[in-house]
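Everything on this sheet refers to the single structure shown next.
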Amino acid sequence: MKSSLYVYILLFSISSTVAVQLDGTCSNNAPCEGSNVICTNGKCQCNFPAYVPCRSQCELNRNYAYEGDSCEVTENCISYAICAGKKCACTSGFTAKSGLCLKSLNAVCSNGTECWSQYCSSSRCACAPSYEPNADNISCKGKLVKIYNNWAEANSNREFCIDDSSCIDALATCIPGPQNTVGKFCKCPSGYRVQNNENCELIVSSLLSPLETVVSNYGECGSCADDNAVCAKAADETTCWCRVSYEKKNNNCEKQATKPLLIFPNANDVNLHDFAANCIAGNNETTIVDNKLCVCAPGYEFVANDQTCVKTQPKWINNMLEYGVCTRITSNDNAISVAGLCPEPLTCEARKDKHVCTCGRGKFLDLNDPSQCVTYIGTATNSTATRCLIENSILNSTTTACECIAGYKAADENRKCEVKLSSEVFQSPCNSNQFNNTICTLKFGNTALFCSVGECRCPGVQSFPNKQNTRCTAVLNQTLATVRAECPSNSTLQGSRCECNSGYRPSNDLRECIPLALQLVEYTGPATTSIGDLTTADCRAMFNGSVVPYTRDRCQCSNDSLINDDKSGCRYRLGVTFTSPSVSSACPPNSNSIAQQACECDVAYTANGDKCVPKSNRVYNDNDPTAPNIPGLLDSDCAKLFGLSAAIASNGSYCICKSSAYSVRSNTFCYLLINQTTADIKTLRDCPANTNIFPEGPPSACVCKPGFYMSSDRRECRTASVGLGGAANASQTRAACVNVTNTDCIAKFGANAFCQDETCFCDRQQSFVNAAGQCEPFSKYVFPGEHEHHLYACTAATDCGGTENVACDYLNSGSEYKVCQCKDGSLLDPNSKKCSASRCIDNCNAALNFECRGYACECKTGYYRDGSRCVQSPFKPQLNQPCNQSALWQYAFAADNGSLECNLACERARCKPGYKAEQSQC
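Written out as C-alpha cells, the structure reads:
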C-alpha cells in the first residue's frame, strides 16, 4: 500500500513539473528542457563552455579546449586530443606542449602537420633541411648560417639558409642568389657591413647632402653622424639628409627658423565647408585647389602674414646646385623630389645625390628674360633650333653652338656676353683697329675706344672712366677738344668746359662733383666775409625757398623768411613782399602767393603770426547766444571748413549746419539729412555712412544703401533689427521670412548671410561666425601648397603650440608630411586659428546626456533619443545571452567595452574575433 502511494506521489510530482525553456528561471536541473541544459545561477543555461546557446537550443562548442582544459566530449578538444575524465588529453603517440598535441621527432607520421617539426620524411617526424633538433628532441630549430657579401662566397662554404631566422645575426636577411643559382644566403641589409661573417655592423656616414662637390665614392649609409639626419636615397645615391624641420648649415643639421603657426582643417572639416570657392571663382594662376583647400600653386610661395601667394624668384647658386635643391625629406624620413619648388620653365631633375631646379643639361635662364631657358655660350647642341641669349649672342648654324656677337666676350660661366669698361686707360696692348669703336661709344660714351674682345677703355687724355666704370666722362674745369666727352654727373657743359652744378664742388682729381655739406639756419644778418665761393644758387640747390649764404658752410633764410616745419628749406612770412619772386611757391601751409608778390591765407583761414589758422573750429546752432561773431566770415569759409552743408548763421557771423543738415564729429562737420532732396552739389563726404547719392545730379538726396534703413531722426542708415542665429545650412527647409529679407542679413552680417525664420544665419557651408559677429567665408583663407608642406611640418603635438584640439598628423593617406591640424571631431576657425570642438547654435552640452557633434546636438554614445530626451538603452550585452539587431541593442553594444558582438545566426552575444571566452567574459 505504501509502495503504491509512493509511486502515485512520484508520478503526480513529475506530471506537475512545468518545463522551462532556455534562459528561463529554475531552482534545479529538473525543469530545464532540452539536451545539455542545466540550471545555473537560477536560470536554465547551456552547459558552458562545452555547449553554447544558439537561439533556443544548445550547440556543441567544437575545438575550443586546449590540452589540459575541461571538456564534456572529445569534439570540445583541439586536434589530436580526446576528452578523458572531463579533461582534454593528447591521443596516443602525440606529445603535449604549450596546450597543443603533436608528434615528437622520430615518431611515425603520415604528413608534416602531425609533427612538431612540421616535416615528415620516410613516415617519420624529422627536421627539415637546414634545421636541427632542439634539446628536448621534440621539435627543431634552424641551423644558424654565417653571413656573406654574395652568393658565391656562401656557395663556396656550402652555407645556405631557409629564412631570416637561419641567419646568425638577427639583422641579416635570407635572400636568393643570382638567376639560375640554387639556395639562399644570409646577407647584411643596406647600410651595414659584415664583420667576421657573423655580425652586421652599422655603417655611419658623415656625407651630408645636398653636396656641392663631386664625390667619387658615396659608399653606403646605415646611420648618420648627425643625430638630426637620416639615411635617404635621393636621385641615384643614399646619403645623409637633415630630417624634416631641420636644414643643412655649415655641414650640420640645425633647426629651421620658426614659421608662423599654421593650422589646417581636418578631412571632415573640408567636406563640411567650402574652403575653395575663392580659388575657383578668382581664376587666379597663383592658387589652385588641392585636397579641397585653396593653396599656392606650384612655383609660388605662401606668405603667412597676409595669406597670399607670390611667385618664386629663381636664383642661380652654382654649377652643382643650379637654381636650388628640390629634394625634400618627408615625415617618414623618405627623400622625394618636389617639382612645385621649381617655377616654370625650370624642372626638378636628378643630379647624383639630389634633385635640383634646372633648365636641363647645358641650359640656364636668360638673365634678361627669366621666362626662357637658353643654351650656354660655346656648347654645341647638334640642333639648329637652339635658343640663345636674347642679348649679344647668335647661333652658329655650322657648329650649332651659341656665340657672342663680334666684340663681346663670354662671362659669368658662359651665361652672358658682355663688353666692360676697364678702369685702365687706352694704351698698349690695346688694338683699336680690331673693331669699329661704335660698340664702345654706344655703351660707354662718345670717347670710349675698343681695346680687345670684351673690353673698352677711355682715352685717358680728356676723359677717364667714372668710379662705377660705366661711362667715359670728361675732366672738370678743362677746355675740351672737338669730340667732347660727356660731363660727369651733377655737372653741365659751360662753353667748352664741364663745371659742377650749384651745390656741388669738383673732387681733387677733377673727375666727379661732390655735394656740399651745408647747414640751414634762421636769418642772422648779412653774409659774413668768410663765405668763400658759396653762392645763393648753391644754397637754393640744397634747400627749398628763399635761401642765401651766411658762412662757408651755412645757408640762412632770407630776412623775409623762416625755416619751415620739416627743416627742408625756408618759407615766406605772411604778407611780406617777396624779395625773390622766383621762389614764390615757398608760402606757409594753408596759404598761397598773390601774383607772385606776397603770401596770403587761403579761403577760410586767417593769419595768426606767420601761420594760417582756421577762422572757426566748429559749427553752432543757429541763434546760439554763446557763438562768437567772426569778422569777415563768408559762406565759402564755412563750406570749406565744415562741408558743403555748412553756412553762415542767419543772425550772426559764425558757421552753422543748414536746416537740411546736422552736425557730427563734435560739431566739426555737417552731414545732410537722409532723403532730404536739395539743389546743392554734394559728395559722399557730405552724406552719412552707408548711403548713396540719388539721383547722381542735383536736385538729389542722400539715400540708404540696400539693406539699410533710415533712423527716425533721418541721421543714420541702420541695419535691420535682427540677430545672428549662428551658422546653418542654407538648403535646409525653414519658414520663409516676412519682416526680414536676405538683403537685410547681407547688409548686416556679410555676403554669406541669409534669412530663415525671421533670423539671420551664416551659410555654414560657405562661412563661419567670426569674433566680430560677421559671416566670414572659409575660402578667404589660402594655405601653403603641398610643395611647401615641409616648411610647416610638425613631428609632435608640442610643435603645434599647445593649442587645444590640435593634432600633428597627415592630412590624408597620400600626404608626405605631418602638419598641425584640428583633431577629428573639431572644426577650424581660420580667423582665430583655433579648433572648436563644435559649432552648435545652442549650448547642448549642458543638456543631460547630449553632446555637440559638428553642428548637431546628438545623444551621447550608448544613448538614444526619446522625444526631447536622451535615454540609455535598457539592454546590457552579456556573453551567450540573447540579442538582436534592433536599434536599442545597437546602442547597447556601442556603450559596451567592445569585446562583444551580436551573432546574427544565433541571436546571441559572442566574443568578437581576437577574444576568447573565459567563464562569463571575453
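Residue numbers for the sequence shown, in mature numbering (1 follows the signal peptide of the UniProt record, and there is no 0): -19 to -1, 1 to 903. The C-beta atom is built at its ideal place from N, Cα and C for all residues, glycine as well.
CB of Arg478 within 8 Å of CB of Gln459, strictly: As a first step, residue 478 is located in the sequence shown; it is residue number 497 there, counting from the start. As a first step, residue 459 is located in the sequence shown; it is residue number 478 there, counting from the start. Against a cut-off of 8 Å, the Cβ pair of Gln459 and Arg478 comes out as a contact.
Residue 905 versus Ser483 - alpha carbon distance: It is not possible to answer for residue 905, since the shown part of the chain is limited to -19 through 903.
Beta-carbon spacing of Thr64, Glu53 below 8 Å: As a position in the sequence shown, residue 64 is number 83, starting the count at 1. As a position in the sequence shown, residue 53 is number 72, starting the count at 1. Going by the sequence as given, residue 64 is Cys instead of Thr. Going by C-beta atoms, Cys64 is nearer than 8 Å to Glu53.
Selected residue, minimal CA-CA separation from Thr219, among Arg695, Ser702, Ser187, Ser626: Your numbering for residue 219 matches position 238 in the sequence shown. Nearest option by C-alpha distance: Ser187.
Range covered by the beta strand (DSSP E) that runs through Lys815: The count along the sequence shown starts at 1 and reaches residue 815 at position 834. Its beta strand (DSSP E) spans residues 815 to 817.
Three-way DSSP call (helix, strand, coil) for Glu697 in this model: For the purposes of this step, residue 697 is identified with residue 716 of the sequence shown, where counting begins at 1. Note: Glu697 maps to coil in three-state DSSP.
Under the three-state DSSP convention, the category Arg666 falls into: Taking the sequence shown and counting its residues from 1, the one referred to as residue 666 is at position 685. Correct three-state label for Arg666: helix.
Segment contact, 8 Å Cβ cut-off, at least three pairs: the segment 343 to 361 with the segment 245 to 259: no
Spatial distance of Phe524 from Leu543 (CA atoms): By 1-based counting over the sequence shown, the position of residue 524 is 543. By 1-based counting over the sequence shown, the position of residue 543 is 562. Taking the straight line from one Cα to the other gives about 12 Å.
Same chain only: Cβ atoms within 7 Å of Asn884, ignoring 5 sequence neighbours per side: The sequence position of residue 884 within the sequence shown is 903, counting from 1. The residues are Arg891.
Residue from Arg646, Arg533, Pro606, Val645 whose Cα sits closest to the Cα of Ala630: As a first step, residue 630 is located in the sequence shown; it is residue number 649 there, counting from the start. Of Arg646, Arg533, Pro606, Val645, the residue nearest in Cα terms is Pro606.
Alpha helix (DSSP H) segment containing Met301, residue limits: Counted from its first residue, the sequence shown places residue 301 at position 320. First-last for Met301: undefined, no H or E at that position.
Distance between Glu140 and Cys354 (C-alpha atoms, nearest Å): Within the sequence shown, the letter at position 373 stands for residue 354. Within the sequence shown, the letter at position 159 stands for residue 140. Straight-line Cα distance between these residues: approximately 58 Å.
Collapsed DSSP secondary structure at Tyr(-12) in the structure displayed: The count along the sequence shown starts at 1 and reaches residue -12 at position 8. No answer about Tyr(-12) holds up, because its pLDDT of 45 lies below 50 and its placement is not dependable.
Same chain, Cβ closer than 7 Å to Tyr416, five either side skipped, listed in chain order: Position 435 of the sequence shown, counting from 1, holds the residue named residue 416. Here residue 416 turns out to be Phe, not Tyr, going by the sequence shown. Same-chain partners within the cutoff: Ala387, Gly388, Phe431.
Nearest neighbour of Phe559, chosen from Asn545, Glu581, Lys548, Ser204 [CA to CA]: Within the sequence shown, the letter at position 578 stands for residue 559. Minimum Cα distance to Phe559 is reached at Glu581.
Proximity of Glu503 and Gln537 at Cβ, strictly below 8 Å: Residue 503 sits at position 522 when you count from the first residue of the sequence shown. Residue 537 sits at position 556 when you count from the first residue of the sequence shown. Cβ atoms of Glu503 and Gln537: closer than 8 Å.
CB contact flag (Val800, Phe245, <8 Å): Counting from 1 along the sequence shown, the entry for residue 800 is found at position 819. Counting from 1 along the sequence shown, the entry for residue 245 is found at position 264. Yes; because the gap between Cβ atoms is below 8 Å, this pair is in contact.
Closest by C-alpha distance to Pro811, when choosing among Ser849, Lys761, Ala774: Here the question's residue 811 lines up with position 830 in the sequence shown. Comparing Cα-Cα distances from Pro811 to each of Ser849, Lys761, Ala774, the minimum goes to Lys761.
Test item: CB-CB of Ser111 and Ile156 under 8 Å: As a position in the sequence shown, residue 111 is number 130, starting the count at 1. As a position in the sequence shown, residue 156 is number 175, starting the count at 1. No, the Cβ-Cβ distance between Ser111 and Ile156 is not below 8 Å.
Alpha-carbon to alpha-carbon, Asp694 and Thr267: Counting from 1 along the sequence shown, the entry for residue 267 is found at position 286. Counting from 1 along the sequence shown, the entry for residue 694 is found at position 713. Approximately 49 Å between the Cα atoms of the pair.
Residue range of the unbroken beta strand (DSSP E) whose run includes Lys893: In the sequence shown, counting from the first residue as 1, residue 893 sits at position 912. Per DSSP, Lys893 belongs to no beta strand (DSSP E) and is neither H nor E.
C-beta contact flag for Asn786 and Ser813 at 8 Å: One-based indexing of the sequence shown puts residue 786 at position 805. One-based indexing of the sequence shown puts residue 813 at position 832. Going by C-beta atoms, Asn786 is not nearer than 8 Å to Ser813.
Segment limits, beta strand (DSSP E) that includes Asn57: Locating residue 57 in the sequence shown gives position 76, where the first residue counts as 1. Counting along the chain, Asn57 falls outside any beta strand (DSSP E), and DSSP gives it neither H nor E.
Minimum length 4: unbroken alpha helix (DSSP H) runs contained in the segment 463 to 551: 517 to 523
Gln871, enclosing alpha helix (DSSP H) - first and last residue: As a first step, residue 871 must be located in the sequence shown, where it is residue number 890. Start and end: 868 to 876.
Among Glu888, Glu757, Ser147, nearest to Asn259 - alpha-carbon criterion: The residue given as residue 259 occupies position 278 in the sequence shown. With distances taken between Cα atoms, Asn259 lies closest to Glu757.
When Lys78, Tyr586, Ile261 are compared against Asp117, the one with the closest alpha-carbon: Your numbering for residue 117 matches position 136 in the sequence shown. Ranking the options by Cα distance to Asp117, first place goes to Lys78.
Coil, strand or helix - Ala734 by DSSP: The residue given as residue 734 occupies position 753 in the sequence shown. In the structure shown, Ala734 sits in a strand (DSSP, three-state: E or B).
Assigned secondary structure, Ser(-17) (DSSP; H/G/I helix, E/B strand, else coil): Indexing the sequence shown from 1 puts residue -17 at position 3. Low confidence applies to Ser(-17): its pLDDT is 47, below 50, so where it sits in the model is not reliable enough to give any reading.
Closest by C-alpha distance to Gln294, when choosing among Asp350, Asp255, Asn313: If you number the sequence shown from 1, residue 294 lands on position 313. That would be Asp350, whose Cα lies nearest to the Cα of Gln294.
Contact belief for Val306 with Val337 at Cβ below 8 Å, rounded distance in angstroms: Stepping through the sequence shown from its first residue, residue 306 is reached at position 325. Stepping through the sequence shown from its first residue, residue 337 is reached at position 356. Indeed they touch by this definition, with Cβ atoms about 6 Å apart.
Chain-order list of residues whose beta-carbon lies under 6 Å from that of Leu501 (same chain, five-residue window excluded): Reading the sequence shown from its first residue, position 520 is the one you call residue 501. The answer, listed in chain order, is Phe524, Cys536.
Whole-Å CB distance - Lys596 paired with Ile611, under 8 Å assumed: Locating residue 596 in the sequence shown gives position 615, counting from the first residue. Locating residue 611 in the sequence shown gives position 630, counting from the first residue. The Cβ separation is near 6 Å, so the contact holds.
Of the residues Gln237, Ser617, Ala46, the one placed nearest Ser772, counting alpha carbons only: The residue labelled residue 772 in the question sits at position 791 within the sequence shown. This sequence places Leu at residue 772; Ser is not what is there. The residue with the shortest Cα to Cα distance from Leu772 is Gln237.
contact_flag[the segment 280 to 291, the segment 309 to 317] where n(CB pairs < 8 Å) is 3 or more: no
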